[in-house]
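To start, the structure under review is shown below, and the notes come after it.
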Amino acid sequence: MLLKCVFYLAGVGSKIYIYKQSNPNICIERIHALNGQKILGVVPNECGSKILVYGGKQLTVINVDSNTNGDISNKFIKLFEPIVCDDWLHAAIWSDNTAVLLTAHNVVQKWNIKSQTLLSKHSSKNNSILYSGLLLPLENDVLAMAGTVFSEVIIHHISDDKPLHCLKGHKGVIFSISCHPAKHLIVTTSDDRSIRVWSPRDLPQYSIHTIEFWTHVSIDCKKILYGHTARVMRSCISDHNVISVGEDSAVCHWDFQGNLLKKSIAHQNGEIWCVDTNNKLVVTGGADGGVICHPVITSVNYCDNRTIHFQMGTPKNLKFTKRKNLVILNEAHLIYYDIFNDVYTKYELTHETTYKILVIFDCKHKIAVVDMSGKLDLYEEGTENIAKLVKTINTKLDIGRIYSMHFITDNLLGFCSDNGAINIIDIKNKEPKVYDSFILPPCKERWLTAATKTHKDLYVFGDRCGNLHIYKTGQANPVQSFSKIHGRYGPTSISTNCSEIITTGRDGTIKYFAFSDNNLVSNYFKYMHCKDLEFEWIETFLGSNSELVCGFRERLFIICDLQSNTNIVEIPCGGGHRSWDIISYNNNNEEFIQFVYIKNSNIITATIHMSRIRPVHVIDGWHSKEINCLKTFKSNILDTIFYVSGSEDTTLRITESSKGYNFRKRAVFKKLSSVKALCVYELDTGVFLVLSAGGRAQICIKTVSIASYPDIKIREEVNYMIKGTDKERKGDKSWRECTTDFDPETRVMDIDLIKHGDIFHVFVGCSDAVIRIFTYNFNESNRKFKFDKEIKYHKTCILKTKCLRLSNHNILVICTSRGEVTLWDITDLNSDDVEPFFIIMTNKSGINSFSFTCISDIQFLIATGGDDNAIHLNLLKIADQNNLASTIVTQQWTSSQNHSSQITGLCFLDRYLLSVSVDQRVTLFEWKISEDGIQCNFLSQHWTDIADVHGLDLIKFCGDSVTICVFGKGMEVLSIPIR
1 MLLKCVFYLA GVGSKIYIYK QSNPNICIER IHALNGQKIL GVVPNECGSK ILVYGGKQLT
61 VINVDSNTNG DISNKFIKLF EPIVCDDWLH AAIWSDNTAV LLTAHNVVQK WNIKSQTLLS
121 KHSSKNNSIL YSGLLLPLEN DVLAMAGTVF SEVIIHHISD DKPLHCLKGH KGVIFSISCH
181 PAKHLIVTTS DDRSIRVWSP RDLPQYSIHT IEFWTHVSID CKKILYGHTA RVMRSCISDH
241 NVISVGEDSA VCHWDFQGNL LKKSIAHQNG EIWCVDTNNK LVVTGGADGG VICHPVITSV
301 NYCDNRTIHF QMGTPKNLKF TKRKNLVILN EAHLIYYDIF NDVYTKYELT HETTYKILVI
361 FDCKHKIAVV DMSGKLDLYE EGTENIAKLV KTINTKLDIG RIYSMHFITD NLLGFCSDNG
421 AINIIDIKNK EPKVYDSFIL PPCKERWLTA ATKTHKDLYV FGDRCGNLHI YKTGQANPVQ
481 SFSKIHGRYG PTSISTNCSE IITTGRDGTI KYFAFSDNNL VSNYFKYMHC KDLEFEWIET
541 FLGSNSELVC GFRERLFIIC DLQSNTNIVE IPCGGGHRSW DIISYNNNNE EFIQFVYIKN
601 SNIITATIHM SRIRPVHVID GWHSKEINCL KTFKSNILDT IFYVSGSEDT TLRITESSKG
661 YNFRKRAVFK KLSSVKALCV YELDTGVFLV LSAGGRAQIC IKTVSIASYP DIKIREEVNY
721 MIKGTDKERK GDKSWRECTT DFDPETRVMD IDLIKHGDIF HVFVGCSDAV IRIFTYNFNE
781 SNRKFKFDKE IKYHKTCILK TKCLRLSNHN ILVICTSRGE VTLWDITDLN SDDVEPFFII
841 MTNKSGINSF SFTCISDIQF LIATGGDDNA IHLNLLKIAD QNNLASTIVT QQWTSSQNHS
901 SQITGLCFLD RYLLSVSVDQ RVTLFEWKIS EDGIQCNFLS QHWTDIADVH GLDLIKFCGD
961 SVTICVFGKG MEVLSIPIR
């Protein structure tokens, strides 16, 4: 919701988040508006001094203070606790100090806001269940538009219970209704994936704000718009176009003639639930929890296209220069084209072969042309007022047949020739000379695709087979190599800074490498992690901006914003196999990107106004689907909390938050399938080991270092497939040594570990009822992850896996889908005779949550919660400390009265117990053990806004309060008072 172009108002669960337009990344205030109900609508009054907030069956009002000049200050105050109505609310408007509401049974209610009393009810004869509605103020009356479950829109005014109009045509329920009275337009969206535009057949001689107008008018469907591939949830009308959003993550801009002007994908492929506009900006909110502000001009006039009809032969290759002009290569000439003055200058080339390579330095002022025989021409763009090229080198290189050429630095050119010979040529003087020479390791297509030099005088080369090689001056062979980091076309670009190397490729990935911090001679770099994008051909970053990357998907040229992982530019150019170039620059504090390509022997340029198209992320999006697992960690020296979360959207995310309500996304990792389980282990101060696992039986291990905060280093250690195809499982084995064990249905449900020296023992509970044990050697020089053994004991799916330390023994706890809890002694893993030493049936069905606390060396209390809505406490005692098989149950307690749905999270806190359930309630208990048995007393219960709750994680516990994170369809940090 936009409030007079000054504030953004976002309903997040039951809370209102308020952001200033001038600084949209900082939440200035958060107000708990409703109690246990999600906010459906936010309606400011005409002067903006009061804001009506409604959702579910509740409504309240927020007062906005103004200063003496009438400017809105930062003071937002909730006037009263929510009023509870007798029906669900679908729409609301202001009528002086009266709130007019439309309910789910087509009843219009009027409430006095000052006294918080119901003034009147007005029922329609058609009391069909509504999915949407709209109220329009009239002179001395209110018009109601009701979107029914029967695909109709019923229009009536509240002074008469008879419908005035019934708009028919949709073939699904009506999800939204919007109206623009000045343009006489009604727009409806539906379950049938269509948008319908309605307007009067003839305009009566009455004002649209009168009952007479709506009584005498005839309304027809003028346009039926199809552009969404899923249900269309909402629409709004600006002065220039219609904007629609839907479950397909699409934001569609339509003109009033029904033409689709632009379609963009937002909110990380999650559903878009709401949209609003003020004619200059469009704000959308989606299932990923994000709020994005799009310029309205996104739909038109953001890209200026120009076709240059080239009359000097057939253009073969082209590049932008520093002055934003073009150098164009044809069969026999290099043409310098002054774009501004539309002037060509031709430079004749005397090369022996028709195949020529054109490259330009990153700073765009040096241009090199070479043919396969070694004839080299070097030009520099003049700095005078007259735009021209000056030839500085004209020579023949005797280095064999040349296959590729790259600018290494301003004064170094790299050439790859026969048999993988790499020659670095110094072009600082008019007589080039060999500066360095290297040999590329044997491969199928032995030439370079990308090259650069680091600040540590190391050369980094990418070859045609996707390998990355590190060379040192004076050594012909590589000192370090990374095999097949990209696809068979090789890296498309290599960029470097003081701390890392970033490579892109035509396999849809961006790879990150860091300078090694050890003294091993053969280990100059270490592979950190990978980022996967939605399109395969990733070409390069735009200038020094590491947040924008460009590439191609089929016939489209794409610019992608890595921060939000959304494509902000899509230009149909025909594909990346043609010659093209791109340049970014600023003009009058406005950012521009210019793209040029050859199509049908014509040169086409596209100038993109980035300020007109780049959206502003008011709230950064998070997961677009349910969060299955979440862990938090915090450094002792930082006041910052880090959240590691895994979701059904197949991503693992690391997010941080400090004081306030703002979260900052630090890393996103794409997995093969959903992430079901997480484990976080602190290796050292500020260094954590993160284990994640889930669908497709995939296990990943990463090292996260926050010791040098705010810089965070993330290194991918392990990507292991328990079951998969040869290609997925072979690792460093040859294909002859591999076996195929393909079972995509096996999922890892939970994971935990224990440590012995440098060796970690990882315990994995799987959906096929098998416990699998792996060992991971964390030694820097030999980090190996290998399978150790598997235990086939259980008959049903394993849901929970937990490692404990008790009475000098390592204990493994397994919980299954039939309510069974088994305890295993894993102190000696070399033993072949592995059997549980204790078995107990606690719940009647699957156990979703488990917690544990020690009472003494021989007594411990376990808590389980599951699908039977019950919490079970069992006090276990080891009768003989030398014999774990002597464990018995001494006391029990159970209750199913505190939650109405599945228990998904439990946590012991000293003498307290916290539980959370799918019913969105967080319950606090106080327990104690006495001679009469276990006593667990209810203390308090609190609501969470998170739907489909999957669990909780402890953040902080002090004497008078506990801070937890509840996760499911989103996440929420709650502070629960103890007393």
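For the sequence shown, the UniProt record's numbering gives the first residue as 1, with consecutive numbering after it. No residue lacks a Cβ here, since even glycine has one placed at the ideal position from N, Cα and C. No experiment lies behind these values; they were computed from the predicted model shown.
Contact between the stretch 281–297 and the stretch 569–585 is not established, with fewer than three Cβ pairs separated by less than 8 Å. In the three-state reduction of the DSSP assignment, residue 915 falls in the strand class, which pools E and B. With respect to the C-alpha of residue 31, the residue from 9, 130, 106 having the closest C-alpha is 9. Per the coordinates, the alpha-carbon of residue 719 lies some 49 Å from the alpha-carbon of residue 178. Beyond the five residues adjoining it in sequence on each side, residue 416 comes within less than 6 Å, by CB distance, of 403, 404, 422, 447, 448 in the same chain, given in chain order.
The stretch 935–951 makes no contact with the stretch 261–281; the number of CB pairs closer than 8 Å stays below 3. Secondary structure of residue 113 (DSSP, three-state): coil. In the three-state scheme derived from DSSP, where H, G and I count as helix and E and B as strand, residue 763 is classed as strand. For residue 437, the enclosing beta strand (DSSP E) has its first and last residue at 433–439.
According to DSSP, residue 145 shares a beta bridge with 134, 155. Here DSSP, grouped into helix, strand and coil, assigns residue 977 to strand. Between residue 307 and residue 593, the C-beta gap is not smaller than 7 Å, which leaves the two residues out of contact. Shown here, residue 697 sits in a helix according to DSSP, grouped into three states. Residue 216: member of the alpha helix (DSSP H) spanning 211–216, first to last residue. By alpha-carbon distance to residue 926, the top candidate from 874, 419, 979 is 979.
Rounded to the nearest whole angstrom, the C-alpha separation of residue 759 and residue 680 is 16 Å. Between residue 165 and residue 133, the C-beta gap is not smaller than 7 Å, which leaves the two residues out of contact. The Cβ-Cβ distance between residue 537 and residue 557 does not fall below 7 Å. Under the 10 Å beta carbon count, residue 787 is surrounded by fewer than 16 other beta carbons and is classified as exposed. DSSP, reduced to helix, strand and coil, places residue 950 within a strand of the structure shown. Taking C-beta separations shorter than 8 Å and ignoring five residues to either side along the sequence, the partners of residue 220 in its chain run 198, 199, 200, 201, following chain order. Judged by their CB atoms, residue 62 and residue 51 are nearer to each other than the 7 Å cut-off. Boundaries for residue 612: no beta strand (DSSP E) harbours it, while the alpha helix (DSSP H) harbouring it runs 610–613, taken from the DSSP string. Partner residues in the beta bridge of residue 20, as assigned by DSSP, are 7, 23. Your pair residue 627 and residue 634 does not check out as a contact, with CB atoms roughly 19 Å apart and the cut at 8 Å. DSSP places residue 91 in the strand class (E or B) of the three-state scheme. With a 10 Å radius around the Cβ and a threshold of 16 neighbouring Cβ atoms, residue 892 comes out exposed. For residue 465, no beta strand (DSSP E) run applies, since DSSP gives it neither H nor E. In the DSSP assignment, residue 295 forms a beta bridge with 281. Exposure of residue 757 is indicated by the presence of fewer than 16 other C-beta atoms within 10 angstroms of its C-beta.
Partner residues in the beta bridge of residue 54, as assigned by DSSP, are 41, 59. Distances from the alpha-carbon of residue 688 to those of 22, 396, 705, 797 put 705 closest. Taken through DSSP and simplified to helix, strand or coil, residue 599 comes out as strand.
Here residue 418 carries a helix assignment [DSSP, helix/strand/coil].
Using a 10 angstroms sphere on the CB of residue 488, the tally of other CB atoms stays under 16, which defines it as exposed.
In the same chain as residue 484, and ignoring 5 residues on each side of it, the C-beta atoms closer than 8 Å to its own belong to 465, 466, 467, in chain order.
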